[in-house]
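Asker: Using this note's numbering, read the sequence shown as starting at 416 and increasing by one per residue.
Note that beta-carbon positions come from the ideal geometry of N, C-alpha and C, so glycine has one too.
First, the structure itself, so that you have it in front of you.
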Amino acid sequence: MEKNIERRRRTKSGEAAPPPSDTKPTKRYNTRGSSKTDAVRWVDDDTLQITEKAAAPPAPEDEKIIHGISLPKEVPVSVKIHIHANSNTEDEYDDEDSDEDDSDYDDEDEEEDDRYNRRDRKDEEMITQLLARSFGASYGRKRSSEPPILFVTSREDRDDEERETPIPLTVKERRYLDSLSKTKYTRALKQMKSVVKHLGDTDIPFKFQILDLDTTDTIRALLIHKVETINRMGHESGESQKLRVWVETMLKVPFGKIVPLPVTMKDPVEKCAEFLTEARKKLDKATYGMEPVKMQILQIVAQWISNPESMGNCIAMQGAAGVGKTSFARNGIASVLGRPFMFFSLGGASDISHYIGHSYTYEGSTCGRIVDAIIQSKCMNPVLYFDELDKISGTPHGEEITSMLIHLTDRSQNCQFHDRYFAGVDFDLSKCLFVFSYNDESKINPILKNRMTIIQCQGYKDHEKKIIVANYIWPEILQRVGIKYGELGATEAAAEHIIRTYSKDETGMRSLIRVVETVVSRINLIRISDKEVASKYKFYVPIVFPMVIDVPTIDKLLIDYQPKEPERWRDMYA
Numbered sequence: 416m417e418k419n420i421e422r423r424r425r426t427k428s429g430e431a432a433p434p435p436s437d438t439k440p441t442k443r444y445n446t447r448g449s450s451k452t453d454a455v456r457w458v459d460d461d462t463l464q465i466t467e468k469a470a471a472p473p474a475p476e477d478e479k480i481i482h483g484i485s486l487p488k489e490v491p492v493s494v495k496i497h498i499h500a501n502s503n504t505e506d507e508y509d510d511e512d513s514d515e516d517d518s519d520y521d522d523e524d525e526e527e528d529d530r531y532n533r534r535d536r537k538d539e540e541m542i543t544q545l546l547a548r549s550f551g552a553s554y555g556r557k558r559s560s561e562p563p564i565l566f567v568t569s570r571e572d573r574d575d576e577e578r579e580t581p582i583p584l585t586v587k588e589r590r591y592l593d594s595l596s597k598t599k600y601t602r603a604l605k606q607m608k609s610v611v612k613h614l615g616d617t618d619i620p621f622k623f624q625i626l627d628l629d630t631t632d633t634i635r636a637l638l639i640h641k642v643e644t645i646n647r648m649g650h651e652s653g654e655s656q657k658l659r660v661w662v663e664t665m666l667k668v669p670f671g672k673i674v675p676l677p678v679t680m681k682d683p684v685e686k687c688a689e690f691l692t693e694a695r696k697k698l699d700k701a702t703y704g705m706e707p708v709k710m711q712i713l714q715i716v717a718q719w720i721s722n723p724e725s726m727g728n729c730i731a732m733q734g735a736a737g738v739g740k741t742s743f744a745r746n747g748i749a750s751v752l753g754r755p756f757m758f759f760s761l762g763g764a765s766d767i768s769h770y771i772g773h774s775y776t777y778e779g780s781t782c783g784r785i786v787d788a789i790i791q792s793k794c795m796n797p798v799l800y801f802d803e804l805d806k807i808s809g810t811p812h813g814e815e816i817t818s819m820l821i822h823l824t825d826r827s828q829n830c831q832f833h834d835r836y837f838a839g840v841d842f843d844l845s846k847c848l849f850v851f852s853y854n855d856e857s858k859i860n861p862i863l864k865n866r867m868t869i870i871q872c873q874g875y876k877d878h879e880k881k882i883i884v885a886n887y888i889w890p891e892i893l894q895r896v897g898i899k900y901g902e903l904g905a906t907e908a909a910a911e912h913i914i915r916t917y918s919k920d921e922t923g924m925r926s927l928i929r930v931v932e933t934v935v936s937r938i939n940l941i942r943i944s945d946k947e948v949a950s951k952y953k954f955y956v957p958i959v960f961p962m963v964i965d966v967p968t969i970d971k972l973l974i975d976y977q978p979k980e981p982e983r984w985r986d987m988y989a
């Protein structure tokens, strides 16, 4: 032992080191020079005696210690620690003396290095035990090329790495999303998933989307040519952006997608008969009366059951205003067929570009309303309903719209409908069901009228109006204002009084519907208002539910009601 002590006290320069003391030796660092011939001089530095325990600042009381890591309490944090255990790699230093010969170190230096290596191995064993306690006893037996990772997350368990969202977000938007509470964060993601379905974004390249289209090779070739043009132009030019919008809109067209009927002739006869019975019930529920129209629709349905590949049909409903033509088409025809319902108003129409689009060369141009309806319906056979056919403008521009409708209803031509925006592309509309409605048959173009199956929708008599009010109008209005069906009723005499007084010169139901709405709305107003305030109304009557309205109550509620004149002003568009 004395020999070893004496040996350590001798240095390369021959200088004597300080005599050993009973105190703990100070940590040392060498001041080796850049030259190989320079001697190694060890310098005592008392400032390095600070122990690790003394160097570490005391943990505040509001901090939480997790595996030796101080975390602030009640503050969302996310910590990822990479701990390299059992690593055999050595640090490399690019010092000026990297080429120094190993012979510069003598035996005492090797002994010093061995002591520090033993201490490092001891530290590694401690880290391995810590990880084994955190991740399982089998941790120390595993070997992986990846360093072990210890995660310490906040109570909301949020990762500090970037998360994928259904909709791409900017840095500012992502910061706002991360600042939301857990409930709002989840709701925002749910809303994104709902919206992204309508964006049409996909990772499939344009060319592969084009190849999947159920259309002709001519249209596919045209689209691929447009995509090649976009690639040559680059994605920054304005013309490239216009062409990209053109291709994206074209890819939304549901080529070849048809909504079939739920039954065919291959199904049992009982199933087909049951479907027709249910169809009749739906038509009766949609509108009272209108027997000729209902029978025509059932005939069309039977035709499509027997031959699903048959052409579309074109029907026109002629009748007075307010007889329920639009309601029947929306709630009856479309419901029975199970197809989307697309509405077009022709009243005062004078610009054909609204229906067949603008040329692609114009800035801000879009496709026409008809092709847009096909895109929105997501099928090639929706119900296309054109209202107020007799109100098309009589100007030359209005005649262009009439000519377009003639082409649209021609069974030999509507398989090649053209939109100005998509020049050179044929749209097959032969499977669509075209439904028109009008009041005055004398104002319909004879050629167009000849292409349609016209059905007369007769007006309603007083006893029919009473049935419609009781079974259709009254329940709907009560539901609209929030009154239960059994809480408010009317006597038969009161219903007849309203019909005779306010709807005697009308074959439709519009004026009668407005009167009934006024009666129910005023009762609801009195019910909700303060009694002292409500008593000042001219139409005030005591309200106690359940309530049955009689004739005197009707007169009181409608004491200052002024019925509206028939809408004759619509004839100005003829």
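(1) Helix, strand or coil for Q871, going by three-state DSSP, please let me know.
(2) For R895, which residues from the same chain have a beta carbon less than 6 Å from its beta carbon, with the 5 sequence-adjacent residues on both sides left out?
(3) Would you decide whether L614 is buried or exposed? Buried here means 16 or more other CB atoms lie within 10 Å of its CB.
(4) Check whether the Cβ atoms of A744 and S808 sit closer than 8 Å, and answer yes or no.
(5) Provide the residue span of the alpha helix (DSSP H) that contains I943, from first to last.
(6) Apart from the five residues just before and just after F670, which ones in its own chain have a Cβ nearer than 6 Å to its Cβ?
(7) Opposite G734 in the DSSP bridges: which residues?
(8) Apart from the five residues just before and just after V840, which ones in its own chain have a Cβ nearer than 8 Å to its Cβ?
(9) Could you give the C-beta distance for K806 and G779, rounded to a whole number, given that I count them as a contact under 8 Å?
(10) Could I get the ranges of all uninterrupted alpha helix (DSSP H) runs contained in the stretch 801-834, with 4 residues as the minimum, in chain order?
(11) What residues are listed by DSSP as bridge partners for Y853?
(12) Among C872, G734, G704, L863, which has the Cα closest to the Cα of S818?
(13) Hey, out of V948, V934, K696, P978, whose CA is closest to V963's CA?
(14) In or out: L626 buried (at least 16 other Cβ within 10 Å) or exposed?
(15) Taking all protein chains shown into account, decide if M541 is buried (16 or more other Cβ within 10 angstroms of its Cβ) or exposed.
(16) So, helix, strand or coil for I898, using DSSP?
(17) Taking the C-alpha atoms as reference points, what is the distance between G747 and P755?
(18) With contact counted as at least three CB pairs below 8 Å, one residue from each stretch, are the stretch 715-724 and the stretch 672-679 in contact?
(19) Just to confirm, does Y955 get its C-beta within under 7 Å of one of the non-hydrogen atoms of the ligand SAH?
(20) I'd like to know if the stretch 724-740 and the stretch 857-874 are in contact, where contact means that at least 3 CB-CB pairs between them fall below 8 Å.
(21) In its own chain, which residues sit with a C-beta less than 7 Å from the C-beta of D855, not counting the 5 before and 5 after it?
(22) How big is the Cα-Cα spacing for T810 and T922?
(23) Using beta-carbon positions only, say whether L927 and S936 come within less than 8 Å of one another.
(24) Nearest CA to the CA of K971: which residue from A910, F954, T916, D787?
(25) Between K740 and S652, which are expected to be in contact by the criterion C-beta below 8 Å, what is the C-beta distance as a whole number of angstroms?
(26) Identify, in the order they occur along the chain, each residue of the same chain with its Cβ nearer than 8 Å to the Cβ of A885, setting aside the five sequence neighbours on each side.
(27) Within the stretch 626-661, note down every full alpha helix (DSSP H) run reaching 4 residues or more, in order along the chain.
(28) From what residue to what residue does the beta strand (DSSP E) around A905 run?
(29) Can you give me the start and stop residues for the alpha helix (DSSP H) that S750 sits inside?
(30) List the residues that DSSP assigns as beta-bridge partners of L848.
(31) DSSP state of F623, grouped into three classes?
(32) Within a Cβ cutoff of 6 Å, which residues of the same chain sit near Q831, ignoring the five residues on either side of it in sequence?
(33) By the three-class DSSP mapping on this structure, what secondary structure does F670 have?
(34) Assuming G727 contacts C872 (C-beta within less than 8 Å), just tell me the rounded distance between them.
(35) Measuring alpha carbon to alpha carbon, tell me which of F837, L584, R647, P723 ends up nearest G772.
(36) Grouping DSSP H, G and I as helix and E and B as strand, with all else coil, what is M757?
Answerer: Quick answer:
(1) Here Q871 carries a strand assignment [DSSP, helix/strand/coil].
(2) Exclusion of the five residues before and after R895 leaves no residue of its chain whose Cβ lies closer than 6 Å to its Cβ.
(3) Classification of L614: exposed, given that the 10 Å Cβ count is below 16.
(4) With respect to S808, A744 sits apart: the two C-beta atoms are not nearer than 8 Å.
(5) Judged by DSSP secondary structure, I943 falls within the alpha helix (DSSP H) whose first and last residues are 925-943.
(6) The answer, listed in chain order, is L628, D629, T630.
(7) For G734, which the question treats as bridged, DSSP gives the partners C872.
(8) Within the same chain, V840 has close Cβ partners I634, L637, M665, H833, D834.
(9) Cβ-Cβ separation between K806 and G779: approximately 29 Å, too far for a contact (criterion under 8 Å).
(10) List check, alpha helix (DSSP H) in window: 811-823.
(11) Q733, per the DSSP bridge assignment.
(12) With distances taken between Cα atoms, S818 lies closest to L863.
(13) Distances from the alpha-carbon of V963 to those of V948, V934, K696, P978 put V934 closest.
(14) Its Cβ having fewer than 16 others within 10 Å, L626 is exposed.
(15) Result: exposed.
(16) Note: I898 maps to coil in three-state DSSP.
(17) Using only the alpha carbons, I get a separation of about 12 Å.
(18) Yes, since at least three Cβ pairs between the stretch 715-724 and the stretch 672-679 fall closer than 8 Å, the two stretches touch.
(19) Looking for the ligand SAH in the displayed structure turns up nothing, as the structure carries no ligands at all.
(20) Taking 8 Å as the limit for Cβ pairs, the verdict is that the stretch 857-874 does touch the stretch 724-740.
(21) In the same chain as D855, and ignoring 5 residues on each side of it, the C-beta atoms closer than 7 Å to its own belong to D805, in chain order.
(22) Using only the alpha carbons, I get a separation of about 31 Å.
(23) Contact flag unset, no.
(24) Comparing Cα positions, the closest option is F954.
(25) Actually they are not in contact, since the Cβ atoms of K740 and S652 sit about 50 Å apart, beyond 8 Å.
(26) Taken in chain order, the residues that qualify are A910.
(27) With a minimum length of 4 residues, the unbroken runs of alpha helix (DSSP H) contained wholly in the stretch 626-661 fall at 632-648.
(28) Where A905 is concerned, the enclosing beta strand (DSSP E) stretches over 903-905.
(29) For S750, the uninterrupted alpha helix (DSSP H) segment begins and ends at 749-752.
(30) Answer is V798.
(31) Judged by DSSP in its simplified three-state form, F623 adopts helix.
(32) For Q831, the CB contacts under 6 Å within the same chain, skipping 5 residues up- and downstream, are D841 in chain order.
(33) The DSSP-derived three-state label of F670 is coil.
(34) Not a contact, Cβ separation roughly 21 Å.
(35) In terms of Cα proximity to G772, the closest of F837, L584, R647, P723 is F837.
(36) Three-state DSSP puts M757 in a strand.
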